[in-house]
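Going line by line, the protein sequences match chains A and W.
In this text, residue positions in the first sequence follow this note's numbering: the first is -8, and each later residue adds one.
In this text, residue positions in the second sequence follow this note's numbering: the first is 17, and each later residue adds one.
Since the structure comes first, as structure tokens, the remarks are kept for the end.
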Amino acid sequence: MRALLVVTVLALGAATVAGAQVPAGPEVPSAAKPQRSGGELRVSGFMINGDRSYEFFNDVNTQTGSVRGVDVLLRHTAIGIGVRSWTSTYGTQPNVASADARLYLFPPVFSIMLGAGRRAVWSDLNEDAPSQLDFGLVGISSTVAIGGSGLRTNVSGAMMIGAPDAASDSDPSAGLEGEASILYRIPKVPIFLQLGYRTELFTARNSTFETPQEARGVRLGAGLQFGGR
Amino acid sequence: MMRRIAVTVVAVLPLALALAVAPVGAQVRQQGSPIDDLLDRSNNAYNDLEYSRADTLARQVLALGSSITVAQRTRALTLVAAAAYPDDPPAQRRAASLEAIRRIVRSNLAFSMPQELTWPGLTALVEEAKRTTFGMEVNADSLQVAVGVDGRATIRARSSRPGRFQLTIGQEGGSTLVRDSATTGPDNAVEFRIPVMRNERPLFSSARYDVTITGIDAAAPDTVVTRYAVTADAPPLAFADVNMKMDSSKLLAERTGRFGYKSVLPALLVGGAAFALSSTLRAEGNIATEVGADSKGMAVGGALALTTIVAGFMDRGRQIPANIAANKAYGEAFQKSIADAEAENRRRVAEYRTTLRFDLGVR
């Protein structure tokens, strides 16, 4: 009985001392991965200032103007969707508007883009009845985060192929677009800024003529970004 | 005179030998001790009207000094006073009796002569002694337990006239642990409240201490000094270690390494792509030949590449949430350990007990 009492007192004493012991160090976590957000939502407006050239019956016309549009991207680790719509105005050249939707596959560092869109071209002559062209696109995109700086680089390229014209035996309209930019997300606020360069080549074809076009310029953008660090 | 000294020596010698072979302290204070026998013999001599012998025997007891108890000392002085001032004028030595009574009332304010020894003249002498002597009386509970920093032991002192008291407690030959002083109030009394801890540390260790109380007459240059013994039972107070400094070397990295040189490749890619888009990717037909490359492309490409490299080298790394959480938990646990240790130490201080045993019978 006495021994039991002694053991109990010692145990209580040990418990008291244990309560005041200094921890040896932080408990090393089993998985210490850098912070990354699984999903990303980006809504932005953009403007491309530059020039557009098009050739019509061997006559090349170059005008300075701009493209204005909105871009929405929603993506998770290995899949995402994006929607883009823009309208361009270059001097007296016909106006062009385009809207497309894209599916992104694989992680942002290397994604394959698949999408489809519609392009409309009009001038004062056909303002109420623009000519329209549906097209599909396929391309690649690579977004690399520069550590935890908030800066990301983006390089993308895509090929556009217009829907074949059943009434013509000509090749379908086709084009290429390429873009290189950096995106900087301001710390602690969900706002990002974008600076880049964009070039779009498009050759419209029908049974009677072929009009190559080239639009390029500096791209500036800004918008809201949630996630995507 | 020489004969008287010889008689005294012969009478004290057996008693002195008896005290020498036995520990003086407790044994001599027991009932039936040689000292009490001597006092009984003195009392018997007084009853037999042998005043001189009664005085001699009582003074033999007083000659033992600190070996006798307060009660034995008082009884011896009482017999000296009674033997010096009996109700027999030829045998009366008033001054000697008054001196003995004064020695009593200096430390016993409530003293009165035992009924079997007194007579009106002696009673009046006692009153005169009380009236003309500065006396002081000290008492305290013999066993006192003081707990924590606010725990106090209490010693009360009272004087026959207004005065001032000084109290010191220390070990013989050692430094003074407690020093206090106070002036008497309307009832000529003072209560000393003795701390047992200072700066949350025990004041006493387990040992025997001397308590010295000095009473100083406010009206005349007269002091009374009494000394008592107090035995302290004060075990060492052990504190839990409080480690205030966290070992930062044990903290986990909260960020990955900086991106640094790894930014060069994406910088070249994005910059090169911008340049290529402005100069290499051209439309079909005459446009490529008639329209030159866009010079802005090179500037933009350079800006993109440079910005990327700068961002890479300014990068502080990505946060590692799991490590941040682990460090935070470690910091909280460390702070808690400090709080626990401090709480434990506060508890130990608050529950620390000092037991003081006052022996007012020994001086």
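Just so it is clear, CB atoms sit at the ideal spot from N, CA and C, and this is done for glycine as well.
Just so you know, these numbers come straight off a predicted model, no measurement behind them.
Rounded separation between residue i and residue j - CA only
{"i": "W:Ala98", "j": "W:Asn215", "result": "53 Å"}
{"i": "W:Phe220", "j": "W:Val154", "result": "21 Å"}
{"i": "W:Asn361", "j": "A:Ile70", "result": "59 Å"}
{"i": "W:Arg45", "j": "W:Tyr368", "result": "Low confidence applies here, because W:Arg45 scores a pLDDT of 45, under 50, leaving its location unreliable and the question unanswered by this model."}
{"i": "W:Val37", "j": "W:Gln76", "result": "The predicted model places W:Val37 with a pLDDT of 38, which falls under 50 and marks its position as unreliable; any figure quoted below should be read in that light. If you take the alpha carbons of W:Val37 and W:Gln76, they lie about 18 Å apart."}
{"i": "A:Gly148", "j": "A:Pro163", "result": "20 Å"}
{"i": "A:Asn145", "j": "A:Gln216", "result": "15 Å"}
{"i": "W:Ala338", "j": "W:Ala256", "result": "32 Å"}
{"i": "A:Gly127", "j": "W:Gly333", "result": "40 Å"}
{"i": "W:Ile171", "j": "W:Arg209", "result": "7 Å"}
{"i": "W:Leu55", "j": "W:Val163", "result": "43 Å"}
{"i": "W:Ile303", "j": "W:Ala341", "result": "59 Å"}
{"i": "W:Arg147", "j": "W:Leu376", "result": "25 Å"}
{"i": "W:Pro173", "j": "W:Pro130", "result": "A small fix is needed here, since residue 173 of chain W is Ala in this sequence, not Pro. Near 24 Å, if we compare the C-alpha coordinates of W:Pro130 and W:Ala173."}
{"i": "W:Arg274", "j": "W:Ser265", "result": "20 Å"}
{"i": "A:Ala88", "j": "A:Thr55", "result": "16 Å"}
{"i": "A:His67", "j": "A:Glu31", "result": "6 Å"}
{"i": "W:Ser176", "j": "W:Ile120", "result": "13 Å"}
{"i": "W:Val86", "j": "W:Asn124", "result": "10 Å"}
{"i": "A:Arg43", "j": "W:Leu268", "result": "55 Å"}
{"i": "W:Arg69", "j": "W:Gly186", "result": "41 Å"}
{"i": "W:Ala355", "j": "W:Val165", "result": "20 Å"}
{"i": "W:Phe350", "j": "W:Gly179", "result": "57 Å"}
{"i": "A:Arg93", "j": "A:Leu167", "result": "15 Å"}
{"i": "W:Gln108", "j": "W:Val161", "result": "50 Å"}
{"i": "W:Ile336", "j": "W:Glu358", "result": "33 Å"}
{"i": "A:Ser161", "j": "A:Glu201", "result": "9 Å"}
{"i": "W:Asp52", "j": "W:Pro202", "result": "39 Å"}
{"i": "A:Gly10", "j": "W:Ser353", "result": "Low per-residue confidence applies at A:Gly10: pLDDT is 45, beneath 50, and the placement is therefore not dependable, though the value from the model is reported in the following sentence. The alpha-carbon atoms of A:Gly10 and W:Ser353 are separated by roughly 7 Å."}
{"i": "W:Gly189", "j": "W:Glu143", "result": "39 Å"}
{"i": "W:Ala290", "j": "A:Thr53", "result": "21 Å"}
Start and end residues, beta strand (DSSP E) containing residue i
{"i": "A:Pro203", "result": "201 to 218"}
{"i": "W:Pro178", "result": "No beta strand (DSSP E) contains W:Pro178, which DSSP labels as neither H nor E."}
{"i": "A:Leu96", "result": "86 to 96"}
{"i": "A:Ile137", "result": "Unbroken run through A:Ile137: none, as it is neither H nor E."}
{"i": "A:Ala195", "result": "182 to 196"}
{"i": "A:Ala107", "result": "102 to 113"}
{"i": "A:Leu32", "result": "31 to 47"}
Cβ-Cβ separation, residue j to residue i (assumed contact under 8 Å), whole Å
{"i": "A:Arg151", "j": "A:Ile131", "result": "Looking at the sequence provided, one finds Met at residue 151 of chain A rather than Arg. Not a contact, Cβ separation roughly 14 Å."}
{"i": "W:Ser279", "j": "A:Ile137", "result": "5 Å"}
{"i": "A:Asp91", "j": "A:Gly106", "result": "5 Å"}
{"i": "W:Gly167", "j": "W:Thr371", "result": "10 Å between Cβ atoms; not a contact."}
{"i": "A:Thr190", "j": "W:Leu293", "result": "4 Å"}
{"i": "W:Val316", "j": "A:Val209", "result": "6 Å"}
{"i": "W:Leu73", "j": "W:Arg57", "result": "5 Å"}
{"i": "W:Thr192", "j": "W:Arg373", "result": "Wrong, their Cβ atoms sit about 20 Å apart, outside the cutoff."}
{"i": "W:Gly313", "j": "A:Tyr188", "result": "6 Å"}
{"i": "W:Thr149", "j": "W:Arg118", "result": "5 Å"}
First and last residue of the uninterrupted alpha helix (DSSP H) at residue i
{"i": "W:Ile354", "result": "337 to 367"}
{"i": "W:Gly313", "result": "311 to 330"}
{"i": "A:Asp62", "result": "Not the alpha helix (DSSP H): A:Asp62 falls in the beta strand (DSSP E), residues 50 to 66."}
{"i": "A:Glu170", "result": "Premise fails: A:Glu170 lies in the beta strand (DSSP E), 165 to 176, not in any alpha helix (DSSP H)."}
{"i": "W:Asn63", "result": "50 to 63"}
{"i": "A:Val146", "result": "Looking at the DSSP string, A:Val146 is not in any alpha helix (DSSP H); the run it does join, the beta strand (DSSP E), is 142 to 153."}
{"i": "W:Ser294", "result": "280 to 295"}
{"i": "A:Thr80", "result": "A:Thr80 -> not in any alpha helix (DSSP H); beta strand (DSSP E) instead, spanning 70 to 81."}
{"i": "W:Ala304", "result": "303 to 306"}
CB contact flag (residue i, residue j, <7 Å)
{"i": "W:Pro218", "j": "W:Leu253", "result": "yes"}
{"i": "A:Val112", "j": "A:Pro155", "result": "no"}
{"i": "W:Val194", "j": "W:Thr200", "result": "no"}
{"i": "A:Gly153", "j": "A:Leu124", "result": "yes"}
{"i": "A:Asn139", "j": "W:Asp331", "result": "The amino acid occupying residue 139 of chain A in the given sequence is Gly; Asn does not appear at that position. In contact: A:Gly139 and W:Asp331 (Cβ atoms closer than 7 Å)."}
{"i": "A:Thr253", "j": "A:Pro178", "result": "Beyond the ends of chain A as shown, which are -8 and 220, falls residue 253 of chain A; an answer cannot be given."}
{"i": "W:Glu300", "j": "A:Thr194", "result": "yes"}
{"i": "W:Thr242", "j": "W:Ile229", "result": "yes"}
{"i": "W:Gly347", "j": "W:Gly276", "result": "no"}
{"i": "W:Leu114", "j": "W:Leu133", "result": "no"}
{"i": "W:Leu78", "j": "W:Ala92", "result": "yes"}
{"i": "A:Gly36", "j": "A:Val74", "result": "no"}
{"i": "A:Leu211", "j": "A:Ile173", "result": "no"}
{"i": "W:Leu320", "j": "W:Gly288", "result": "no"}
{"i": "A:Ala213", "j": "A:Leu186", "result": "no"}
Contact list for residue i against chain C, beta-carbon separation under 8 Å
{"i": "W:Pro282", "result": "Given the protein chain composition of this structure (A and W), no chain C is represented."}
With a floor of 3 residues, list each beta strand (DSSP E) that falls wholly inside the segment 115 to 172 of chain W, ordered by position along the chain.
The segment 115 to 172 of chain W contains these whole beta strand (DSSP E) runs: 152 to 155, 159 to 163.
Ordered list of beta strand (DSSP E) runs contained in the segment 191 to 261 of chain W, each at least 3 residues
The qualifying runs are 192 to 199, 205 to 211, 223 to 233, 239 to 249.
Please give the ranges of any alpha helix (DSSP H) in the segment 70 to 104 of chain W, keeping only runs that are unbroken, at least 4 residues long and fully inside the region.
Fully enclosed alpha helix (DSSP H) runs of no fewer than 4 residues occupy 86 to 100 of the segment 70 to 104 of chain W, in order along the chain.
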